[in-house]
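What follows is a set of notes on a single structure, which appears directly below.
Numbering (UniProt numbering), first residue to last: 1 to 223.
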């Protein structure tokens with residue numbers, strides 16, 4: 001009986017040892033599985049971080065290229081500005097010279113028109129001032145009195161004649177309003193065109209002939 005009891009005890013201890021070992025192995029298996037899951041999660045997180053790092057690197061390279069292009073554009077803009085500034089100054093000076101020249105021409109044209117009107121009024125005054133003939137007419141040879149036809153008073157154009165311009169072999173008359181000092185108001189008239197009621201008929205070398213409604217043709221001398 002003692003040998004049997006001892007064997008039973010040995011078997012029981014072996015069973016307990018196997019059960020304990022199995023439980024330990026199972027726990028180790030669970031821990032290994034948990035570690036594998038954790039490792040998988042860490043690996044996924046690492047892959048995500050790697051993709052984000054690659055995307056950030058690509059964005060950084062694109063930003064560097066964009067900054068390089070922007071710097072080249074800024075340098076090119078500065079070069080263009082350095083080139084355009086003297087040209088703009090030169091154009092501004094030429095425009096100012098044109099304005100001054102047009103203002104001087106307009107003043108000369110006004111003085112020419114005023115001088116022509118004064119000469120005409122002076123001529124009329126001399127005609128009225130000259131005494132009439134005092135010899136009495138012969139009754140038998142009395143001639144009907146002829147009334148002198150008054151000379152038409154030249155009209156003053158509602159614009160100033162600036163100059164004569166040549167475009168494509170054609171001659172144009174440059175005119176502008178009296179009170180204008182802007183290049184935008186200058187207009188070029190060709191033969192056959194009109195400005196208001198003044199119709200340019202002929203552009204002669206030293207004068208321009210205008211037709212005005214209900215008035216005889218008007219001659220405007222060129223400056």
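We put the CB at the ideal spot given by N, CA and C, even for glycine.
For clarity, every value in this text was computed on a predicted model and none was experimentally measured.
Whether residue i touches residue j by CB criterion (9 Å)
i	j	result
residue 200	residue 194	yes
residue 153	residue 120	yes
residue 220	residue 211	no
residue 213	residue 197	yes
residue 183	residue 88	no
Cα-Cα separation between residue i and residue j, rounded to whole angstroms
i	j	result
residue 51	residue 83	48 Å
residue 9	residue 15	10 Å
residue 157	residue 216	13 Å
residue 46	residue 75	43 Å
residue 21	residue 28	10 Å
residue 79	residue 192	49 Å
residue 69	residue 92	33 Å
residue 86	residue 209	44 Å
residue 18	residue 34	24 Å
residue 4	residue 26	32 Å
residue 73	residue 39	50 Å
residue 181	residue 90	20 Å
Supposed close pair residue i, residue j - CB separation, criterion 8 Å
i	j	result
residue 171	residue 203	5 Å
residue 162	residue 186	7 Å
residue 178	residue 159	7 Å
Coil, strand or helix - residue i by DSSP
i	result
residue 10	helix
residue 159	coil
residue 211	strand
residue 166	strand
residue 217	coil
residue 49	helix
residue 199	strand
residue 153	coil
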